[in-house]
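Notes for the one structure printed next.
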Amino acid sequence: MKVCRRVCYLRWWDLSLSLSLSLSLSLSLSLSLLSLSLFLSLSLSLSLSLSRLEPKVFSEPSVEEFGYTVQQFRNHQGKWLLVGSPWSGYNQDRKGDVYKCEIRGASSGCQRLNLQNSVSISTVSNVNVNMSLGLTLTRTATADTFMTCGPLWAQKCGSQYYYPGICAENSVLFSPLIKTCGGPMDIAIVLDGSNSIYPWPPVVAFLKKLLENLDIGPDNTQVSIIQYAVDPDFEFYLNSYKTKDSIIAAAANIPQKSGLETNTFRAIEFARRQAFLPTNGARPGASKVMVVVTDGESHDKGLKDDVIGKCEQEKITRFGIAVLGYYIRNDIDTKNLIAEIKSIASTPTDRYFFNVSAEEALLEIAGTLGDRIFNIEGTGKGGDFQMEMSQVGFSAHQTKNQNMMMLGAVGAYGWSGTVVHYTPQKSDIFPKTAFENILEDRNHSSLLGYSVTTLNDGSTEYYVAGAPRSNHTGQVIVYIINSKGQPTVIDSQRGDQIGSYYGSVLCPLDVDKDGVSDILLVGAPMFMNEQKKETGKVYLLSFTKGILSDQGILRGPSPVDNARFGMSISAVPDLNMDGYSDVVVGAPLEDNNRGVIYVFNGDKKKLRTQCSQRILGSKLDPALKYFGRSLDANSDLNDDTIPDVSVGAYGKVVQLWSRGLAVVTARATFNPDKVNILSKTCRVSGRLVSCFNTTVCFSATFRPKIPVGPVALRYNLTLDADLQSSRVTSRGQFSNSERVLQKDIRVSTRDIQVFYTILKITFSLIQPQCLISKRLYSESTTNDYVRSLPSHRKTQPFFQPKRGVTKS
5 MKVCRRVCYL RWWDLSLSLS LSLSLSLSLS LSLLSLSLFL SLSLSLSLSL SRLEPKVFSE
65 PSVEEFGYTV QQFRNHQGKW LLVGSPWSGY NQDRKGDVYK CEIRGASSGC QRLNLQNSVS
125 ISTVSNVNVN MSLGLTLTRT ATADTFMTCG PLWAQKCGSQ YYYPGICAEN SVLFSPLIKT
185 CGGPMDIAIV LDGSNSIYPW PPVVAFLKKL LENLDIGPDN TQVSIIQYAV DPDFEFYLNS
245 YKTKDSIIAA AANIPQKSGL ETNTFRAIEF ARRQAFLPTN GARPGASKVM VVVTDGESHD
305 KGLKDDVIGK CEQEKITRFG IAVLGYYIRN DIDTKNLIAE IKSIASTPTD RYFFNVSAEE
365 ALLEIAGTLG DRIFNIEGTG KGGDFQMEMS QVGFSAHQTK NQNMMMLGAV GAYGWSGTVV
425 HYTPQKSDIF PKTAFENILE DRNHSSLLGY SVTTLNDGST EYYVAGAPRS NHTGQVIVYI
485 INSKGQPTVI DSQRGDQIGS YYGSVLCPLD VDKDGVSDIL LVGAPMFMNE QKKETGKVYL
545 LSFTKGILSD QGILRGPSPV DNARFGMSIS AVPDLNMDGY SDVVVGAPLE DNNRGVIYVF
605 NGDKKKLRTQ CSQRILGSKL DPALKYFGRS LDANSDLNDD TIPDVSVGAY GKVVQLWSRG
665 LAVVTARATF NPDKVNILSK TCRVSGRLVS CFNTTVCFSA TFRPKIPVGP VALRYNLTLD
725 ADLQSSRVTS RGQFSNSERV LQKDIRVSTR DIQVFYTILK ITFSLIQPQC LISKRLYSES
785 TTNDYVRSLP SHRKTQPFFQ PKRGVTKS
């Protein structure tokens with residue numbers, strides 16, 4: 005049988021307190037006399053996590069991109085900010101560098117570490133100009149060390165440049181993808197000098213420019229030139245000249261041979277048999293390359309199949325260049341000439357065959373031809389670039405389960421990109437096929453490795469890499485390393501808008517700090533809304549055993565402005581000290597490019613999608629620009645046990661200090677706790693009224709336990725706070741004849757009591773239809789007492805008040 009109980013309340017009055025803190029956080033509290041007491045617990049984490057008061061601002065030249073990266077750092081000397089300045093040396097060499105900024109010092113300037121001056125690997129020709137050192141900053145497995153990278157660091161091979169990138173961990177330099185310059189190469193240029201080649205000077209200019217682009221030297225590239233018409237002859241041998249200058253000078257003085265016939269295949273056979281002899285300077289193991297330049301069909305084409313077949317057997321790479329000037333000037337069909345020169349060239353012919361409309365146009369292809377030869381030197385196959393342009397260190401992340409660093413190499417495999425797993429003992433460089441299928445990268449533009457991080461399920465560490473241009477919409481890939489040491493892709497997620505750069509920023513988050521990753525935040529900072537504004541977007545992906553699942557997005561900036569929300573994302577151990585990790589997100593283009601950061605709080609295993617705090621850079625310093633372009637919030641920098649947030653801007657870094665939290669408790673008691681409603685002992689304006697005293701007790705506890713109080717409060721006491729519209733006047737007033745009191749008070753961990761007398765007591769029933777016990781209330785009784793009844797409000801009292809009689 006179901007029993008229903010109806011509780012009748014005798015409402016005397018309601019007492020409401022509105023507490024307004026001096027730090028502009030408003031609270032509301034409702035107290036009822038009927039409950040005799042009330043507990044108010046207030047956490048200020050939503051508004052006081054980060055203080056906008058007195059941030060420390062460090063400034064260095066903005067043209068050097070100071071503030072592009074920021075990293076909190078501590079060692080035996082103290083606590084610092086490390087700030088990347090990848091264009092340091094601007095207007096000269098833009099090598100880049102890292103600054104250290106002293107947290108406790110009075111100066112707003114920083115000290116340049118001058119790492120750029122120590123970047124040198126003795127075994128190669130270093131090119132430090134424009135290397136962008138400081139573009140990447142990350143922590144390492146050792147507590148007092150850091151790593152920075154210059155992904156555009158180059159090594160020079162003759163006149164050619166590779167971009168393997170370089171990283172430095174303290175004073176130790178490493179470049180996992182550094183290359184040996186091309187190896188030795190022997191090149192024979194077979195040059196048509198027959199009468200139809202006219203004019204000759206453009207041919208000489210072509211030779212000079214081509215030679216300038218080659219890495220000429222006894223241990224690198226050697227060049228021989230053979231000129232032919234009817235018969236071939238050496239202009240000079242492979243070992244005739246040892247330096248680039250001497251060989252260019254010799255080529256500049258080559259006269260035209262002249263002749264009425266063009267015996268191209270006899271000249272090719274001559275070069276095959278004579279040019280690559282050891283007695284003429286050829287070297288064992290050197291790559292053999294032949295460049296054939298002619299302006300007409302050969303008179304000995306019957307030799308073609310035999311001659312070209314022998315070149316193939318001896319692995320001679322051949323470039324064929326057809327000069328069409330004579331044919332065009334004499335209105336001769338070029339079809340057969342082009343077909344013949346294509347048959348000379350190696351395959352694929354689109355890489356090894358050239359044709360120009362005139363002798364003067366040879367100069368235009370000299371640079372391209374040099375690049376194609378460089379391609380042979382670089383890849384060893386004459387195919388696509390492999391690791392020559394890898395730009396390792398574009399991103400970096402220190403793994404937890406082993407002493408291994410993930411390094412993004414966005415330029416690898418023709419800018420498809422890859423990830424290098426680096427340890428001091430070895431570097432694991434995965435083949436192109438490792439990620440080829442999942443990327444579906446047909447145009448070599450995925451930029452895999454633009455961002456890297458790890459996720460942990462408690463037993464396995466999963467590697468995560470972003471490819472923001474994969475399929476144009478961007479992609480995030482989760483993988484492990486199998487027993488064969490190769491990547492096995494577990495899962496991937498794609499973006500939903502072309503050009504949004506989904507995956508360019510990754511941030512793992514262990515919300516409840518149990519050692520298991522709960523969320524992966526994925527930034528798409530160039531996401532464009534319906535108003536054609538780059539607002540940016542941050543996606544939330546839950547993580548379970550390597551599988552990512554969509555959990556929505558963070559609520560970011562207004563849709564009417566450019567913002568690039570999500571250009572930087574940083575996890576914070578716990579800003580509001582509720583036991584859960586939090587997140588800070590940068591929107592550097594918001595507020596007219598001045599920048600804004602957002603704070604989002606963790607909740608169990610999730611992240612609240614509504615921000616708890618929004619900080620405008622313009623409110624901190626009107627001169628700030630791109631505030632929020634970089635973030636770090638891993639450490640406590642002022643020893644109050646709360647993590648602090650460091651924010652990069654254009655030419656500046658802003659250090660924000662986290663604030664302690666106050667949990668404020670208010671308790672009201674009444675004396676007497678029961679009132680004789682017929683007893684009128686107080687006189688107001690010559691009139692006797694009922695009265696009693698109330699005591700409001702304030703106290704506070706603080707997080708962290710290190711004292712951060714007292715906290716200044718401004719509170720209001722209002723009688724009959726929920727005054728009904730049908731009632732004009734309050735049923736009670738304070739001794740000053742007002743129904744509202746406003747006071748200031750400073751609250752600490754010790755109780756502070758304030759006393760008030762309340763007058764003019766009247767009462768009414770909340771539910772008049774209820775049957776009230778006459779033992780509790782009677783209009784004819786002259787000496788009855790009204791006891792307090794449980795409040796109809798849901799409160800959490802410190803102590804249980806006395807209860808009246810209820811009827812069921």
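Take 5 as the starting number for the sequence shown in this note's numbering and just add one per residue. Beta carbons: idealized from backbone N, C-alpha and C, even for Gly. None of these values were measured; they are calculated from a predicted model.
### Message
Please return the same chain residues whose Cβ sits closer than 7 Å to the Cβ of aspartate 101, not counting the five positions on each side in sequence.
### Response
Ser89, Ser92, Arg116, Leu117, Asn118, Leu119, Gln120, Leu137, Gly138
### Query
At what residue ranges does the segment 81 to 128 contain a whole run of the beta strand (DSSP E), taking only runs of 3 or more?
82 to 89, 101 to 106
### Query
Which residue comes first and which comes last in the alpha helix (DSSP H) that contains leucine 215?
205 to 216
### Query
Do you know offhand how far lysine 183's Cα is from glycine 169's?
11 Å
### Query
Looking at the unbroken alpha helix (DSSP H) that takes in arginine 333, where does it start and where does it end?
329 to 333
### Query
Starting from cysteine 2 and walking both ways along the alpha helix (DSSP H), at which residues does that stretch end?
Nothing can be reported for residue 2: it is not among the residues displayed for the chain, which extend from 5 to 812.
### Task
Look up threonine 458 in the DSSP assignment and give the residues it is bridged to.
Tyr467
### Simplified DSSP state of tyrosine 241, which is helix, strand or coil
coil
### Query
How many whole angstroms separate the CB atoms of glycine 556 and methionine 530, which I take to be in contact at a CB cut-off of 8 Å?
Not a contact, Cβ separation roughly 20 Å.
### Task
Report buried or exposed for phenylalanine 692, applying the criterion of at least 16 other Cβ atoms within 10 angstroms of its Cβ.
Correcting the residue identity first, residue 692 is leucine in this sequence and not phenylalanine. Under this definition leucine 692 is an exposed residue.
### Query
Are valine 482 and glycine 550 closer than 8 Å when you measure CB to CB?
yes
### Query
Is the beta carbon of serine 622 sitting closer than 8 Å to the one on aspartate 636?
no
### Query
Between the segment 106 to 114 and the segment 353 to 369, do three or more beta carbon pairs fall short of 8 Å?
no
### Task
Taking 8 Å as the cut-off, decide whether the C-beta atoms of phenylalanine 269 and leucine 307 are in contact.
yes
### Message
Let's see if you can read the secondary structure: which residues bound the beta strand (DSSP E) around threonine 613?
### Response
That residue, threonine 613, is in no beta strand (DSSP E); it is neither H nor E in DSSP.
### Task
Determine the contact status of glutamate 364 and proline 259, defining contact as a CB-CB distance below 8 Å.
no
### Query
Looking only at its own chain, which residues have a Cβ that is under 7 Å from the Cβ of serine 305, when we skip the five neighbours before and after it?
The displayed chain sequence assigns lysine, not serine, to residue 305. Result list for lysine 305: Phe269, Glu344, in chain order.
### Query
If asparagine 638 sits next to proline 626, beta carbons under 8 Å apart, how far is it from one beta carbon to the other, in whole angstroms?
Contact doesn't hold; Cβ gap of about 29 Å is too wide.
### Query
With DSSP run on the structure shown, which of helix, strand or coil describes lysine 404?
coil
#### Entry: Same chain, Cβ closer than 6 Å to glutamine 757, five either side skipped, listed in chain order
Thr699, Cys701
### Query
Using a Cβ-Cβ cut-off of 7 Å (strictly less than) and excluding sequence neighbours within five positions of glutamine 490, which residues of its own chain qualify?
Phe434, Ala438
### Proximity below 8 Å, CB of tyrosine 232 to CB of asparagine 267
yes
### Beta-carbon gap between valine 480 and valine 468 smaller than 8 Å
yes
### Task
Tell me whether lysine 541 sits in a helix, a strand or coil according to DSSP, three-state version.
strand
### Query
Among His425, Thr705, Asp237, which has the Cα closest to the Cα of leucine 181?
His425
### Message
For valine 576 and alanine 290, what's the separation of their Cα atoms in angstroms?
### Response
56 Å
### Exposed unless 16 or more other CB atoms sit within 10 angstroms - verdict on arginine 559
exposed
### Query
leucine 641 to glutamate 106, Cα distance in whole Å?
10 Å
### Stretch pair the segment 400 to 413 + the segment 240 to 249: three plus CB contacts closer than 8 Å
no
### Query
In angstroms, rounded to a whole number, what distance separates the CA positions of serine 126 and valine 67?
31 Å
### Query
Do you know how far the Cα of alanine 672 is from the Cα of serine 572?
47 Å
### Message
Taking its Cβ as the centre, do 16 or more other Cβ atoms sit within 10 Å of histidine 80, making it buried, or is it exposed?
### Response
exposed
### Task
Consider the C-beta atom of alanine 279 and the heavy atoms of the ligand MG; say whether any pair is separated by less than 7 Å.
Ligands displayed in this structure: none; no statement on the ligand MG is therefore possible.
#### Entry: Nearest-angstrom Cα separation, counted from glycine 418 out to glycine 313
31 Å
### Distance CB(lysine 212)-CB(alanine 254) smaller than 8 Å
no
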